[in-house]
Every structure is written in C-alpha cells, then in structure tokens.
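Novice: Protein chains in written order, with our numbering: chain Z, 29 to 643; chain B, 37 to 312; chain F, 923 to 1085.
Backbone N, C-alpha and C fix where the C-beta goes; we use that ideal spot for every residue, glycine too.
All of these numbers come straight from a predicted model, not from anything done at the bench.
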Amino acid sequence: MGALVTLNIVLPWIAALIIYLAKKDVVTNVLTFLMLPLLSIIAYLAYIQPHPVLIETPKWVDLLITVYDFGLLAYFFYQGIVRKNSLIAILASIQLIFLVIVLLMMNHSLTPNLYIDDVTLMFYLIVAIVGVPIAIFATKYMDYGEKGKHSFVAIVVWFLGVMNFAVSVNNIEWFFALFETTTLASYIMIGFRGDKEAVNNSNLALWMNQIGGIAILLALMVFIKINGVYHFTDLLKNPSLISMAALGFLSLSALVKGAQMPFHKWLLGAMVAPTPVSAILHSATMVKIAPYLILRISPIIKGTLLAKLLIITTGYVFVVAAVIALSQDNFKKILAYSTISLLGLMMLGAAVGTPVAVTASLVLIIFHAFAKGFLFVEAGVLEKVFHVKYINQMRRLIERAPLTLMFIFFGFLNMTFVPFGTFIGKWMMIEEVSNFLQHGSYILLIIYVGAGSAFLSILYMKVLGISVRKAHGIEKINFVKLPATFNFVSVWYYVWLLSMTIFIAPFIADFVVPIAASIAGQADIYATGLTLHMYDSTLYFWQILGALILIFLIHALPYFVKFKADVVHPYNCGEVFPRHMETWNFECIARYEGYFVAFSIALFIMVVVLGGGLL
Amino acid sequence: MINVILTVLAPLIGGVVYGIERVVKARMQKRVGPPLLQPFYDFFKLMDKRPIMIHSLHALMGIMYFIAEWFALAVLLLGNDLLIAVFFHVIAVLALVIGASSVRSPYSVLGALRELMHMISYEPLMVLMVVALYLVVGSFDIRDVLNYEGYPILEIPLVFFAFLLTIPMMLQKSPFDVAEAHQEIIGGPEIEYSGPFYEALYTGKWIEYIYVFTFVFLFGGSHYWLGILLVVLAFLFINLLDNSSARLDFRTMVKFAWSVLIPMAALNVILLALWQ
Amino acid sequence: MGFFSKFRKKSPWILHYNTGGCNGCDIEILSALAPRYDIERFGMLNRGNPKQADILLVTGPVTKNCKDVLRRLYLEMAEPKVVVAMGACAHGGGIFRNFYHVENGVNNIIPVDVWIPGCAPRVEALIDGMVEAVEIWEKKSKEKEFLKDHENVIKTLGVEDDG
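1. Going along chain B in order, which residues have a C-beta closer than 8 Å to the C-beta of residue 926 of chain F?
2. So, using beta-carbon positions, are residue 300 of chain Z and residue 201 of chain Z closer together than 8 Å?
3. With a threshold of 16 other CB atoms inside 10 Å of the CB of residue 930 of chain F, please say whether the residue is buried or exposed.
4. Hey, residue 934 of chain F and residue 1059 of chain F are a contact pair by Cβ (cut 8 Å); roughly how many whole angstroms apart?
5. Based on the DSSP secondary-structure assignment, which residues constitute the bridge partners of residue 555 of chain Z?
6. Output yes if chain F places a C-beta closer than 8 Å to the C-beta of residue 67 of chain B; else output no.
7. To the nearest angstrom, report how far apart residue 595 of chain Z and residue 285 of chain B are at their CA atoms.
8. Taking the runs of the alpha helix (DSSP H) that are 4 residues or longer, which of them lie wholly in the region 367–419 of chain Z?
9. For residue 127 of chain B, which of helix, strand or coil comes out of DSSP?
10. Go through its chain and collect everything with a Cβ distance to residue 151 of chain Z's Cβ below 6 Å, but skip five positions before and after it.
11. Take the Cβ of residue 656 of chain Z as the centre, count every other Cβ of all protein chains shown within 10 Å, and call the residue buried at 16 or more, exposed below.
12. Along chain Z, which residues have their Cβ under 9 Å away from the Cβ of residue 971 of chain F?
13. When you compare each of B/117, B/243, B/171 to residue 43 of chain B by their alpha carbons, which one comes out closest?
14. Within the same chain, show all residues whose beta-carbon is closer than 7 Å to that of residue 93 of chain B, passing over the 5 residues directly before and after it, in chain order.
15. Just to confirm, is the Cβ distance from residue 192 of chain Z to residue 36 of chain Z under 8 Å?
16. What does a CB cutoff of less than 8 Å around residue 259 of chain B pick up in its chain, not counting 5 residues either side in sequence?
17. Looking at residue 582 of chain Z: is its Cβ nearer than 8 Å to the Cβ of residue 100 of chain B?
18. Touch check for the region 551–561 of chain Z and the region 526–536 of chain Z: three-plus C-beta pairs under 8 Å?
19. Give the DSSP-derived three-state secondary structure of residue 617 of chain Z in the structure shown.
20. Which residues, taken in chain order from the region 115–131 of chain B, show a beta carbon closer than 7 Å to some beta carbon of chain Z?
21. State the Cα-Cα distance for the pair residue 380 of chain Z and residue 255 of chain Z, rounded to the nearest angstrom.
22. Below 8 Å, how does it come out for the region 347–360 of chain Z and the region 51–71 of chain B: are there three or more Cβ pairs, yes or no?
23. Please check if any C-beta of chain B sits within less than 8 Å of the C-beta of residue 1035 of chain F.
24. List, in order along the chain, the chain Z residues whose C-beta lies closer than 8 Å to that of residue 87 of chain B?
25. Roughly how far, in whole angstroms, is the beta-carbon of residue 59 of chain Z from the beta-carbon of residue 43 of chain Z, given that I think they are within contact range, below 8 Å?
26. For a quick check, are the C-beta atoms of residue 185 of chain Z and residue 156 of chain Z less than 8 Å apart?
27. With a cut-off of 8 Å, does the C-beta of residue 610 of chain Z fall near any C-beta of chain F?
28. Say whether the region 1046–1063 of chain F touches the region 1010–1017 of chain F, bearing in mind that this needs 3 or more beta-carbon pairs closer than 8 Å, one atom from each stretch.
29. Please name the residue or residues paired with residue 566 of chain Z in a DSSP beta bridge.
30. Please list the residues of the region 603–632 of chain Z that have a C-beta atom closer than 9 Å to any C-beta atom in chain F, keeping them in chain order.
31. Could you compute how far the alpha carbon of residue 133 of chain B sits from the alpha carbon of residue 430 of chain Z?
32. Can the beta-carbon of residue 132 of chain Z be found closer than 8 Å to that of residue 105 of chain Z?
33. Give a yes or no on whether 8 Å exceeds the smallest Cβ distance from residue 393 of chain B to chain F.
34. Which one of B/240, B/213, B/225, B/264 has the shortest CA to CA distance from residue 289 of chain B?
35. With distance defined between alpha-carbon atoms, name the residue in Z/55, Z/249, Z/478, Z/548 nearest to residue 119 of chain B.
36. Is it buried or exposed for residue 65 of chain B, if we count other Cβ within 10 angstroms and need 16 for buried?
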C-alpha cells in the first residue's frame, strides 16, 4: 500500500518535472497520455488493497514539509510585495507568525502522518479518471495560439499530484501545507496569461484562499491547545471532546476553498485563465477539497449547531448561486456559478452527516466531477474551435458545432435531470431530510433542495434553448472535424457518464455506499440487479432506462430524424421583416446580487461565531 | 390493476376530462358548449391535416413531450416513489422548452421562457407536497398513501390548498396561464406546431390532467370516495377560477407562489412535524 | 378521403384576420363567440394561429400594408384550408374601393371560397357562411395549394436566416 500511495503522489510530480524540463511536444504528449493508464491502474490497485491504513513516514519528510511551508509562505509574501498588494503580504506574514506559533506549540505525536481510507481512494480514482484527461486536453488546447504550453501542462499534471497528496494526509499541519500548495497552483494557473485581468484575478484567488489557510492555522492552534491532537484520525477517536471553535475554523477554510459566497469571486475570476484551468479547478481538484474536509469532520460535527449553520449557509449558497447564474451571459461563468451551487449541496450533505446524506454527497462529488470536467472541456472546444464565449453567440450552434453541442447537452442533463447521478444525490437528500422532519425541523432544507434544483434546471434549459434556435430547417449540419485529442477526451467522459448512469444502482450500492459506511455507517441503500432501493423507495431499472432513452432521444435524435414534411415560416404575425427574440437576461435578479452576497456574509459570520461557539 | 388501465388509457381518459371541462366551462358562461367528445373530433381533424413543420428538431420535441409526459404518468402510477414522478415531469418540460425555443418565433421563445417561470413556481411546491404526504403517511410509496387509514386532507389542509392554487399553473389555466396566454402570445410553446405534430402537444396536455388530478386524489388516502370528491371539487374550482379571473403577469405568479403558497405549505409541514 | 375525414366538419378552427376594415364585422364575430350564438357548440374555435387553423376568416378591404401579411398567413396554414371573405369591404373594397392604399378585396391576393355579404353581415349570415365553408372544406384534399406565382411569393415573403 505504501508504495502504491507514494507512486500515486510522486508520479505526477516527476512527470511534471520532466515535462517542464524537456519542453518537447513528444515528451509532453506521451507523458500526459501515459499518466491516464498509469494513475488509473495504480489508483485501482490501491483501491483493492485492504484499507483503511495508516502509513508511517520518515522523519525527514516532516522536516521537509515544514521547510517547504516556510518557503511557500515566504514566496507568497514576496509575491505580495512584487505585485504591490499589501493584503497578500499581510495575510502571508500573519500565516508565517501563526505557523511559528503552531510549530512551537506542537508536541510530538506518534500517529502516522498519512491516512488512506475509502474517501482518499475515491479521490485517487477521480483524479486519475477525471483529472488526467484534462491534462491530455490541455496538450492540444495550448496549441491554439497560447504561449508556454509545456510549463502549463506541467503545472496541470503537478496539480494532480498535489491533490493526491492533499487527500492522503492525516496531519493537519501537512494538510495546511498542501492546502496552500493548491492555492499556489491555482494562483500560478489563473495568472498564467500574465495580462492585467489575469494578474488581478490571481491576486484575488491568492488572498481569499490565504484566509482559508489562516483559518486552518487557527484551528490547529485551538486543537493543540485544547485537545493536544492535530491528526484527523485522532480527532475522530473521541469526537465529543473536540473543540467546536477549531471545527468552526476548519469549516471556514472549507467554505473559502469551496468558493462559497461571499468568497465565490475567486472561482469566477479563474475563468480568465486558459479553459483547462477551470476544468481542473472545478472537476477533480481544488474545490473538491472543501467537501472532502467537511466529510472528514462530518462524524464530529453531526447534529451540532455548527452542522445546522453549515447546512443553512451551504443550502443558501446552493439556491442563490443558481439564481445568480441565471443573470450571467458568459458560458464559463454560468458553469462556475453552477459549480458553486452544487458544491454547496455537496457540503450540505456532508454536514448533515447521516449515512444516506453522506452517500448523496459522495455521489454528487463523483458525478459533478465527471460532468463539470466534461462541460469545461467542451467550453474549451467552443472557445478555441468555434470562437464562442458568450451565450448569445451560441445561436445556431446546432448547425455549426453539432457534436460539441450534443456533448454540452448531455453534460447539462447530467447536472440536474433524472436519472443521472446528480439527480440521485438530490433525491436521496430530500428523502433523508424528510426522514428527520419527523424528529426536528429541516423544512428549510427541503425548500432549498427543491428550489435549487428547479433553478438549476431552468438555467440549463435557458442556455440550451439558445443554442438550438434556428429559423429554418436544420439541414446544413456541419460536422467540423475536431482534433483527435478533443474527441478522445469528450468521448471518454461521455462513455463514462453513460455507463455509470446505466449501472447507477450497483455503482451506488457497491461502490459509494461502502465509502459512506466508512465515514458515517451503513446506509440503507442496496441494489437488486439494476434497480436501486433506498429505505422503502425504489428507483426501478425501467424508470432509469426509460428516462435515459427519453433523454438520449432528446439530445441525440435531432441529428438523425428527418421528417418528410413541408417546411413553413415561423409565425411572425404574418410580418415579412424578421423579428429576433433573444433570451431573458434576468436583470431583475442581477439587481439583488448585492443583497444576496450581504446576506451570505451574515450567514458566514454566524457559522464561525455561533457554530464555533466563540460567543 | 386500475393504475395499469389508467396509465394505458391515459390519453383517452384525459380527452374525456378535457371534453367535460369544455362543457362545464361553457355551462358556467350560460353557453351550450361543444359536444362531450369534441377533443377527439379535434384529434381526428388534426390527423387529417397536411403535416407542416418549422424543422425536424422542433417537430420531434413535440412528440418527445408527449412521450415524456406519458412516461411521467407511468412512473407516478406504476412506480412506487412519488418524488421520482415529480422529477420525471421535468423531462417533459425539457422537451417542451427545447422545442419551443428552437424556432425563431418571438412568441414561441417567450412562451418557453415563461414555461420556465411556471416551473420555478410549481416545482418546489410539488416537492413540498410530496414531503407533506410522506410526513402523514410515513412513506413515499403511492400504494402506502392509498392504503392510509386516516384523512391526509385533514392533516395537511394548507398544503392541499396551496396545491389547489398551483394546478392552474400546471394546467395553464387563468389566472396563471402565463405561458400559454392565447390572447397574448397565442399559445406560447405550442404556437409553431401544426397538424399531426400539434396533436402530440394537444394530447400531452390531456395526460397532464390525469397526472395532476392523481395527486389531488392522493389527499383522500384510503377513502376513495373522499379522493373522488376532492378531484371533482378541485376540477370545478379550477374551472370556476379559470372563468372568473383575468390573466396575471408572470412576475405576480412567481411572487405569489414564492411568498404565499410555499410559505403556507411549509408552515403546514412544520406544524405537522412538531405535532408528531 | 380517409377515416378521419368524416370528423372534419366537427371541429373547424378559425383564424380571423382584419385587413384594415372598420371593425364592424369583427364585432359581429365576437358576438358569434358569445353565449347568445355560441359557435363553439359546432366545435368552432377562434385560434388566432395560422398553424392550427382551418378557416381563414378575412374582413376588410386589404390595405397595401396588409397584402404580404395576408399572403403569408395563408401560406402558413396547413391544407385542407378554406378562405372566407366577410363583409362588403372584403368583396371588392366596399366603401374603400379604388382608394390609393387598398387592394380592392381579398380575391386579388388569395383565392376565396365563401363570400359573406353585408355591411356588416349579421351573425346568422356569418354562421350560414361558416356552415357553407365547412361543406367546401370537407371535400378538399390534403394536397398542397399554390398561389399565383407561388415561388416568387415564397421568396419575397421568406425570412432570411441569421448567419
């Protein structure tokens, strides 16, 4: 196990280094492509090993990471001075001071520093299957008039290694180091193009994520001071004694990393970078640290005031981000808002903490990773091949980019419709919450989930509606030849999503439920054949298949079905001059955005102050 | 058994219901009204028209709407989870909206966008209603609801009332026939369909009647007479409302749903949860 | 003439279009829909949508601005379809005859099947005309009908697709 984990972590780092140094097309392409089978196989081999396991690390690694931490923070401080951004510099110096304090307080612990359990292994698989294709995509994407292809791909691959490392650590001080490393990676990638906007947005991402770092350090201080422990596994040993304040700070860092409002701006800012950056940030890495962190502490916070406040906050973000997304016109921004929204739902499930809710959260993490990776890859294709960035440029996309539109259609359907994973997550959540309605009052949560999914549905329908708009017949469908790399990545995601959806019942019952069981206990979910059962409710296979066929027909059939009927003009009151109808921009919502954010700040403060018991 | 019959014959029964509705509406206006089987005459007439279309995608989506609507009804009646049935209905809306916004006719696109507004008005409420039924019965299974000994309507009257006012949104009845709005945007999503393709939409609407009134029927629990009574009363109430009210703005509709209906239903659910 | 054709006469749907008349005829049409005459008992509905209508009920003398609109509405209707010209204006211009801005009646633009005379015609006359229109409509086939100079008309009335 130790060797496999080491390989999983070190391999991307080495590959990234080679790519960075070689700067040759052949090396870059072959190595990134090799990562896919290599990482997948290693992750799978690790998955079939007995787990969970704790892995001892040599002492020098600890020392190395401490030194690395100081180097990293010093680099941030330096960047703050170079970029003349006092906020970054101040935050970095605060972190430096806090880190020194933490290191002085830290007593020696015998607990190993690496902890590999089901969640970690699930993340390994996600990183390998979802993350690596994005790197492959980046190798071609960067050929379209972008500079610094090799260093970019190197950073992307390296990021995967960082993510693999981040989800396997047990020591929270190490976790801090890796948390800051992901910050660094996103900082470099967002600022990659080096123009003014990129620099501004990378600064934004840096200082916002540094707040998360400070929160982790504060949590560490409290943990060490009150409980004398600083490992995740030690926290779980006697949950009742753990200080709420520290958990509040940890949740705060999760909220920041998960781009929950009011800290959502940095994730939106990430869209100025090349599209693979967004793909990698949104799908497999970075933001997924947020639900990961909440999942880690979910057995401890379950049922506390902190969990309830987290539920209220993340649920609020789930709805409001979906609402605000309606008023956006940039395709990548829409995707970013829907990520923020669904991240809220994932964290909500993790915060509820019951077996079914945790299962729902994991299902959402997995399917969201696939669908978002897919959608951003297609957004990249749209941007580079078809030069489409805004949704009002998406008109007649069905003729210009039929395959890409079909993939986008499928990705969107995956985000909210029956019978895809995201829907199953919501369904589980509603049923689970209805369960405890009998004991307490979680009515707000039901309204959140119901409303949020309705808003997300109308968001996707609105965008899809524009891209199929057409006055006359759809005859001149123009199958543009796309580069093989793009096609490979698209089809890869498409096939994975499709097959996972068909076998969703065994997938959830045999893969996800055991993972949830390791966190929160066995959920009452099982599969008979391809039918999914949860408590008394059943999602029959004929329903899954029927919905899948319907959805499949809706998104793919228009290219094949040609009715032999006469074509007439669309009704225009009989007038001859053309009338255009754009789509609503929901200006009325944009007006209230300030209020939404203000309210989310209030909720945020409530989580820290009330939930953490600071008052 | 009866649910299988109801599912298979849904378009027929829905057509009769629609015929009754047209007669009832006419009688409310002191008119004679069309014959009871008028919807079927319309159906046959439309079969006999020359098929014309804007483009294949648009025509296809009309047919998909019909199939998805029927499938949603099958899921409701033959499956065992009410919540899933609610979400299946969204697929039908998807087909309708994609079809309607795929043509460059202002009315059609406007209708599609308003259809979305309908969806955010009734969708959360449907979820709440199902959860309320779950609270009463203790199961999401439609069979358990129909075997429930008590009277769900007495335990969740406010939810029922909220749902009663949601029905006009789902069936496109005044005052909430915003998306269809025959005098204003001439049918909205359905404007560009003609002949056999319009048939799919026309029949899909009939199935929607069965879909909606099945939910009303559930409020009677195992007392089927009560369920039937509720369905009849709801039917008459909807038609009375349809005849006696003017169309509202879609903003008013959304505001009404979110500031009156949903809080009302939520209040009922909270009180019931505390009571138990 | 198939099985379905027998049911045609039971559900004629009307598209009503005023081409610039004085609205007298339109008031009569409205009163036909009202409880006193209630043409819905014959299954007639005023659809207001050419795609789903069977009978095009035209009033007014056809002003120059309306000419293309009228043609396009006619072309958008699916066969079998019938055109009913209602009122004196629709017949030959009525009191607007030979004005600079009128086309002197519907017949110059699209083929008319039934004429309803009067200024304005009574509702009874309207219903009578409708019954006659339905009789003609019953015998029509589903074949496509062409206007004079059809291809050119289509070209001038077509809407350019956006690029």
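Specialist: With the given structure in hand:
1. 80, 81, 83, 84
2. no
3. buried
4. 7 Å
5. Z/560
6. yes
7. 34 Å
8. 383–409
9. helix
10. 195
11. Since the displayed chain Z opens at 29 and closes at 643, residue 656 of chain Z lies outside it and no answer follows.
12. 599
13. B/243
14. 138
15. yes
16. 187
17. yes
18. yes
19. helix
20. 115, 116, 117, 119, 120, 123, 124, 126, 127, 130, 131
21. 24 Å
22. no
23. no
24. 591, 593, 594
25. 5 Å
26. no
27. no
28. no
29. Z/561
30. 603, 604, 605, 606, 607, 608
31. 19 Å
32. no
33. With chain B represented from 37 up to 312, any question about residue 393 of chain B goes unanswered, as that position is not in the structure.
34. B/213
35. Z/478
36. exposed
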